[in-house]
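First comes the structure, then the notes that go with it.
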Amino acid sequence: MTILVLGGTGKTGRRVADRLTALDLPVRIGSRPLFDWQDRATWPKALDGVTAVYLSYYPDLAFPGAYDDIKAFTELAVSGGVRRLVLLSGRGEPEAQASERTVQESGAEWTVVRCSWFMQNFSESFLLEPVLQGVIALPAADVPEPFVDVDDIADVAAAALSQDGHVGKLYELTGPRLLTFAQVASELSEATGRPISFVRVTPEEYVAGASAQGMPREEAEGLAALFTGILDGRNAHVVDGVRQALGRPARDFAEYAAANAAVWKKS
Ligand SMILES: NC(=O)c1ccc[n+]([C@@H]2O[C@H](COP(=O)([O-])OP(=O)(O)OC[C@H]3O[C@@H](n4cnc5c(N)ncnc54)[C@H](OP(=O)(O)O)[C@@H]3O)[C@@H](O)[C@H]2O)c1
1038 MTILVLGGTG
1048 KTGRRVADRL
1058 TALDLPVRIG
1068 SRPLFDWQDR
1078 ATWPKALDGV
1088 TAVYLSYYPD
1098 LAFPGAYDDI
1108 KAFTELAVSG
1118 GVRRLVLLSG
1128 RGEPEAQASE
1138 RTVQESGAEW
1148 TVVRCSWFMQ
1158 NFSESFLLEP
1168 VLQGVIALPA
1178 ADVPEPFVDV
1188 DDIADVAAAA
1198 LSQDGHVGKL
1208 YELTGPRLLT
1218 FAQVASELSE
1228 ATGRPISFVR
1238 VTPEEYVAGA
1248 SAQGMPREEA
1258 EGLAALFTGI
1268 LDGRNAHVVD
1278 GVRQALGRPA
1288 RDFAEYAAAN
1298 AAVWKKS
């Protein structure tokens, strides 16, 4: 039995792979060049001999085209002998929820891990550079989000892939506390000891700024759409999916910020 970990070098996948490897389970990392969402010819070889998949999409389950890819991949996987699928999904995103249904109706044992926004976006992703620069400029309203620690996500996903008690479960994972981006900036200032501020910009300003910094325009537009569309209050509540899945509380942003302070220290 081989477990294919898609996005296995990314924020969640890398951690899922580490946990499964520590359990002596055979893991195959599904990232490029072995597996490419943009090149379906790579899919059969990546799936060869695989019985379970950590299904994380790139760039985002809410972006156009994701649903078609998830549907095609799921059908291929199940017809080829995959018996368990653990899907990484996002809260309050209709496109992501359509992909969830595809996995739930696939005939495989399934677990859906439906997450709020990741804390690690500030330390391992598109918000790292803004934090280092001291200004987080986003088209985000004054709406709080219960940011979740990806180590919690990985703990849940690895449990779902390696144990039997999580089959047929939809876990909604959030952190334990609601924070606006302005409050995040303030907590990061405290953790790093340097001023980090939040500035609200228009979607057009965000796309122009992110593109100028090298982000592909399509990705910047997709992110702007997420900030303006989904950050409208629909996800502004904490839930206890981490406790349901693992029997322990979710990690708090302050713990994450303290643990990552070195990442944000200017060299
Ligand atoms: N960020 C959030 O706050 C948030 C919240 C809820 C849900 N999500 C969901 O999380 C998912 C992303 O997961 P993540 O943050 O763990 O990943 P990530 O850190 O963005 O990592 C990307 C991974 O995908 C691989 N990758 C890049 N391009 C690829 C391609 N064309 N084909 C196959 N693999 C490719 C990368 O490796 P290579 O570059 O080596 O190929 C890497 O392993 C998205 O579907 C998103 O909807 C995110």
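For the sequence shown, the working numbering begins at 1038 and goes up steadily by one.
Where a beta carbon is used, it is the ideal one built from N, C-alpha and C, also for glycine.
No experiment lies behind these values; they were computed from the predicted model shown.
Rounded to a whole number of angstroms, what is the C-alpha to C-alpha distance between residue i and residue j?
i	j	result
E1256	P1096	8 Å
R1231	A1298	11 Å
S1120	I1267	It should be noted that the sequence gives Arg, not Ser, for residue 1120. Their Cα atoms are separated by approximately 33 Å.
D1055	G1212	22 Å
R1128	A1228	28 Å
V1187	L1057	15 Å
V1149	A1245	35 Å
P1181	Q1250	27 Å
E1146	L1165	36 Å
S1304	K1108	Caution applies to S1304, whose pLDDT of 49 falls short of 50 and renders its modelled position unreliable; the model cannot decide the point.
Y1091	P1240	32 Å
I'd like to check one pair, residue j with residue i: are the Cβ atoms closer than 9 Å?
i	j	result
A1114	S1143	yes
A1103	S1153	no
Y1094	R1151	no
E1242	P1176	yes
T1079	T1111	no
F1159	V1221	yes
K1206	A1195	no
P1081	G1117	yes
D1189	V1279	yes
R1065	V1042	yes
Short of 6 Å in beta carbon distance, which residues of its chain neighbour residue i, apart from the five on each side in sequence? Order them along the chain.
i	result
T1174	For the sequence presented, residue 1174 should be read as Ala rather than Thr. Only V1236 and V1238 meet the Cβ criterion.
E1258	V1244
W1336	Limits of the chain in this structure are 1038 at one end and 1304 at the other, which puts residue 1336 out of reach.
Below 8 Å CB to CB, which residues in the same chain sit around residue i once its five sequence neighbours on both sides are set aside?
i	result
E1224	L1216, F1290, A1291 and A1294
Would you mind reading off the limits of the beta strand (DSSP E) that contains residue i?
i	result
T1239	Where T1239 is concerned, there is no enclosing beta strand (DSSP E), given that its DSSP letter is neither H nor E.
Take residue i and list the residues in its own chain whose beta-carbon comes closer than 7 Å to its own, dropping the five residues that flank it on each side.
i	result
V1172	S1234 and V1236
V1276	E1209 and T1211
G1086	T1039
At which residues does the alpha helix (DSSP H) containing residue i begin and terminate?
i	result
T1058	K1048 to A1059
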